[in-house]
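Engineer: One structure follows; several queries about it will come next.
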Amino acid sequence: MRLNRRNFLHSAAALGAASFVPTMGFAQQQLAPMVAPLDANTVAAQQLIDTIEPILSYDTANNLQFAISQYEPFAAAGGWYPVSQDVYGLALGSDTSNVPLLRQRLMSSGDLAPSDDFPNQFDDSVDRAVRVFQARHGLIINGTVDEATYFAMAVPADVRLNQLKLNLARVNALAGSALSDRYVLINIPAATIEAVEGSMVAQRHTAVVGRIDRQTPILNSKIAQINFNPYWHVPKSIIRNDLIKYMKENPQYLTEQRIHIYDAKGQELAPTSIDWNTDEAVSYMFRQEPGADNAMGHVKINFSNPYDVYLHDTPQKALFGENTRFHSSGCVRVGEVPSLVTWLLQSNGDWNGGRVDSMFQTNERLDVSINSPVPIHTTYITAWANRQGTVSFRDDVYLFDSQGKVSFG
Numbered sequence: 000m001r002l003n004r005r006n007f008l009h010s011a012a013a014l015g016a017a018s019f020v021p022t023m024g025f026a027q028q029q030l031a032p033m034v035a036p037l038d039a040n041t042v043a044a045q046q047l048i049d050t051i052e053p054i055l056s057y058d059t060a061n062n063l064q065f066a067i068s069q070y071e072p073f074a075a076a077g078g079w080y081p082v083s084q085d086v087y088g089l090a091l092g093s094d095t096s097n098v099p100l101l102r103q104r105l106m107s108s109g110d111l112a113p114s115d116d117f118p119n120q121f122d123d124s125v126d127r128a129v130r131v132f133q134a135r136h137g138l139i140i141n142g143t144v145d146e147a148t149y150f151a152m153a154v155p156a157d158v159r160l161n162q163l164k165l166n167l168a169r170v171n172a173l174a175g176s177a178l179s180d181r182y183v184l185i186n187i188p189a190a191t192i193e194a195v196e197g198s199m200v201a202q203r204h205t206a207v208v209g210r211i212d213r214q215t216p217i218l219n220s221k222i223a224q225i226n227f228n229p230y231w232h233v234p235k236s237i238i239r240n241d242l243i244k245y246m247k248e249n250p251q252y253l254t255e256q257r258i259h260i261y262d263a264k265g266q267e268l269a270p271t272s273i274d275w276n277t278d279e280a281v282s283y284m285f286r287q288e289p290g291a292d293n294a295m296g297h298v299k300i301n302f303s304n305p306y307d308v309y310l311h312d313t314p315q316k317a318l319f320g321e322n323t324r325f326h327s328s329g330c331v332r333v334g335e336v337p338s339l340v341t342w343l344l345q346s347n348g349d350w351n352g353g354r355v356d357s358m359f360q361t362n363e364r365l366d367v368s369i370n371s372p373v374p375i376h377t378t379y380i381t382a383w384a385n386r387q388g389t390v391s392f393r394d395d396v397y398l399f400d401s402q403g404k405v406s407f408g
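FYI, numbering that gives the first Met the number 0 numbers position 37 of the sequence shown as 36, with every residue one higher than the one before it.
In structure tokens, the structure reads:
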């Protein structure tokens, strides 16, 4: 099942309530360097959310409580201005009577400064407001009211309010457990990773997490080992659900992917010796050779857990640029992974960015134990706020909001 904002609206309607908090000022610090020059409105939108505050910390509950206190009366009064399909496709330069409708919607949610003037021009101020809205909802920041943006705007204020209240309960439960000075946080609905140190975000990474039918589990563990240029031992579930199908479609698939087959005695088998019309393949071991095209890319980040999941690199870099990044079989793919690996290996003393990059370039197989294992938490937070008053929302991809789930133990 592919995530679709129409599906989210149905589940949100069943949920019954959730809120939206207007922005109260731009953050002054930007965490990640720009890959390419960006326009000022995009930079402003990114700065609004790229603050040093973690999604999960002792302060998050206070920020959420403040947001709720502002928007309970707002939602009770009817919420923000409703948006119609007439605003779909509007972008900088549009000159139509539908632009005032968009202006009112953006003003009511605090993304556009209040005004008594509603001209038909989609000007620079509206462009900035749309980009701010997109940033707060984890969407591609392009300034266009595209499908994803339109459906996010269509979620009612009372639905967003209930989303805030539910996530406040989650944060209270999560933050009540001990958070160490250094930890890695994966927020599944946002498909993001934060490396936190001294109560501040040291790094923030885009991620790809488990799809709806193969969910990334919620867990607490410690990252203990880095595997550079690992072999990929294909899980039996993927052999059964994916590899057999791929081989039926393309008999050269395993050869092209440099995947070898071994029996229980370690003897290599030829793909042609297996009946791909049965489940025979599940009884064998499939191993992909190290390299950039390996399913785990150049690195695997290990932590103990009963689900056999881990963090890893990926050759499919284009996935990090999508709005909905729910494609994996439960493991988590990490964007800009070399910098996270370098951060994790700080306690080892003899690793830096240059050495990590060298390992990627040489394809050398090496396993490194982390001297001071780093706690890792996978969480499910669909609404959060920072001290600047900016509130972010994400889709309820696993339908935990609609089920009213607070704890996941």
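C-beta atoms are modelled at their ideal positions from N, C-alpha and C, and glycine is treated no differently.
All of these numbers come straight from a predicted model, not from anything done at the bench.
1. Measure the Cβ-Cβ separation of residue 190 and residue 130 and say whether it is below 8 angstroms.
2. With residue 342 as the anchor, note down where its alpha helix (DSSP H) starts and where it stops.
3. For residue 104, count neighbouring C-beta atoms within 10 Å of its own C-beta (all shown protein chains included) and say buried if the count is 16 or more, exposed if not.
4. What is the residue span of the beta strand (DSSP E) that residue 332 lies within?
5. Along the chain, where does the beta strand (DSSP E) that runs through residue 314 open and close?
6. Thinking C-alpha only, which one of 60, 308, 161 is nearest residue 185?
7. Residues in its own chain within less than 8 angstroms of residue 96 by CB, not counting five upstream and five downstream?
8. Count the other C-beta atoms from every protein chain shown that fall within 10 angstroms of the C-beta of residue 215, then say buried if there are 16 or more, exposed otherwise.
9. Going by alpha carbons, who is nearest to residue 326 out of 346, 356, 294, 340?
10. What's the gap between the Cα of residue 138 and the Cα of residue 81?
11. I believe residue 63 touches residue 174 by the beta-carbon criterion, under 8 angstroms. Please report the beta-carbon distance rounded to the nearest angstrom.
12. Cβ of residue 227 within 8 angstroms of Cβ of residue 125?
13. Mind checking residue 57: buried by the 16 CB within 10 Å criterion, or exposed?
14. How should residue 365 be labelled, buried or exposed, when 16 other C-beta atoms within 10 angstroms of its C-beta is the threshold for buried?
15. What are the boundary residues of the alpha helix (DSSP H) that includes residue 67?
16. Quick one: what's got a C-beta closer than 8 angstroms to residue 405's C-beta in the same chain, skipping five residues either side?
17. So who's on the other strand from residue 120, going by DSSP bridges?
18. If we count the other Cβ atoms within 10 Å of its Cβ and call it buried at 16 or more, is residue 254 buried or exposed?
19. Is residue 198 helix, strand or coil when you go by DSSP?
20. So residue 382 and residue 178 are supposed to be a Cβ contact under 8 angstroms. How far apart are they, rounded?
21. Looking at the structure shown, is residue 181 part of a helix, part of a strand, or coil, going by DSSP?
22. Considering just the uninterrupted stretch of the beta strand (DSSP E) at residue 406, what are its terminal residues?
23. Using C-beta distances below 6 angstroms, list every residue in its chain close to residue 99, excluding the 5 sequence neighbours before and after it, in chain order.
24. Once the 5 residues before and after residue 367 are set aside, which same chain residues still bring their CB inside 6 angstroms of it?
25. Residue 52: buried (16+ other C-beta within 10 angstroms of its C-beta) or exposed?
26. For residue 228, which three-state DSSP category applies?
27. Between the stretch 259-269 and the stretch 332-339, do at least 3 Cβ pairs fall closer than 8 angstroms?
28. Please tell me whether residue 371 and residue 338 are closer than 8 angstroms, where the distance is taken between their beta carbons.
29. By alpha-carbon positions, which one of 292, 374, 389, 402 ends up nearest to residue 231?
30. For residue 385, does the count of other Cβ atoms within 10 angstroms reach 16, so buried, or fall short, so exposed?
31. From the DSSP secondary-structure annotation, give me the bridge partner or partners of residue 299.
32. Within a Cβ cutoff of 8 angstroms, which residues of the same chain sit near residue 200, ignoring the five residues on either side of it in sequence?
33. Please list, in chain order, all residues of the same chain as residue 392 whose beta carbon is under 6 angstroms from its beta carbon, the five residues on each side excluded.
34. Would you decide whether residue 281 is buried or exposed? Buried here means 16 or more other CB atoms lie within 10 Å of its CB.
35. Tell me the DSSP secondary structure of residue 261 in three-state form.
Structural biologist: So, from the listed chains and residues:
1. For the pair residue 190 and residue 130, the CB atoms are not nearer than the 8 angstroms cut-off.
2. 336-343
3. buried
4. 331-333
5. Taken as a continuous stretch (DSSP letters only), residue 314 belongs to no beta strand (DSSP E), as it is neither H nor E.
6. 308
7. Cβ neighbours of residue 96 beyond the five flanking positions: 119.
8. buried
9. 294
10. 20 angstroms
11. Here residue 63 is actually not in contact with residue 174; their C-beta atoms are around 11 angstroms apart, not less than 8 angstroms.
12. no
13. exposed
14. exposed
15. 59-75
16. 165, 168, 169, 172
17. 94
18. exposed
19. coil
20. That pair is no contact at about 19 angstroms.
21. strand
22. Counting along the chain, residue 406 falls outside any beta strand (DSSP E), and DSSP gives it neither H nor E.
23. 117.
24. 225
25. buried
26. coil
27. Taking a cut-off of 8 angstroms on C-beta distances, the stretch 259-269 does not touch the stretch 332-339, as fewer than three cross pairs fall below it.
28. no
29. For residue 231, the nearest C-alpha among the options comes from 292.
30. Buried.
31. When DSSP reads this structure, residue 299 sits in a beta bridge with 226, 311.
32. 30, 50, 51, 52, 53, 193, 194
33. Residues of the same chain with a CB within less than 6 angstroms of the CB of residue 392, apart from the 5 flanking positions on each side, are 136, 382 in chain order.
34. Exposed, because fewer than 16 other Cβ atoms sit within 10 Å of the Cβ of residue 281.
35. Three-state result, residue 261: strand.
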